[in-house]
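Be aware that the sequence shown starts at 18, since it is given in the numbering used here, and climbs by one per residue. The beta-carbon is built from N, C-alpha and C at its ideal position, and this holds for glycine as well. These notes concern the structure reproduced below.
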Amino acid sequence: MISLRYLFTLLSVVMLLQACDREPVDSLDALTRYEWLADTVYTVDYSKAAAPPSLRMDRTNDKFYATGGCNDITGDYRITGNKIFFNNFSQPVDFCEGSFETEQKLVHMLKSAFFWEIREEKLYLYYKSTLIGVFRKKD
């Protein structure tokens, strides 16, 4: 029997190969125009969470703003084609019940992100060929 992990990895590779063939030029505007709410960070499902982790990128100053539910996480980002890099993280150390683990996963995912694409109004972040985050546009 094929494991779910194997299927997830295989699907990620196929999607990455499709993404590498195109420049997401039209998507760049959408990437920086909207606030994005996490559906998944790694394998954790936030799609039905009342306050899912969020991500917003400001094209005017190349800064990103994120939250895992308590602290505001900020830093710089750089985009070259379909590659994306988040760095220079600034994160307060306030402890909020139930948010710490979510924020740590979010920060780790952003630090690991290497490729991006927008498809069907969702933002997909990849580490190499592995899908590590899926975000939907905030209404």
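Rounded to whole angstroms, isoleucine 135 and phenylalanine 117 show a C-alpha spacing of 28 angstroms. With respect to the C-alpha of threonine 147, the residue from Gln108, Ala130, Ile96, Ala68 having the closest C-alpha is Ala130. Within the same chain, Cβ atoms closer than 6 angstroms to the Cβ of arginine 76 are found at Thr49, the five residues on either side in sequence being excluded. C-alpha of tyrosine 63 to C-alpha of glutamate 120: approximately 13 angstroms in a straight line.
The straight-line gap separating the alpha-carbon atoms of leucine 140 and leucine 127 is approximately 13 angstroms. Around the Cβ of asparagine 99, a 10 Å sphere holds 16 or more other Cβ atoms; the residue is buried. With respect to threonine 57, valine 124 sits apart: the two C-beta atoms are not nearer than 8 angstroms.
A direct Cα-to-Cα measurement between phenylalanine 132 and isoleucine 149 gives close to 10 angstroms. Here asparagine 88 is near proline 109, since their CB atoms are less than 8 angstroms apart. Distance from the Cα of glutamate 137 is smallest, within the candidate group Lys145, Tyr143, Ala67, Lys154, for Lys154.
In the structure shown, threonine 57 falls within a strand segment according to DSSP collapsed to helix, strand and coil. Spanning the alpha carbons of cysteine 113 and arginine 73 requires a straight line of approximately 21 angstroms.
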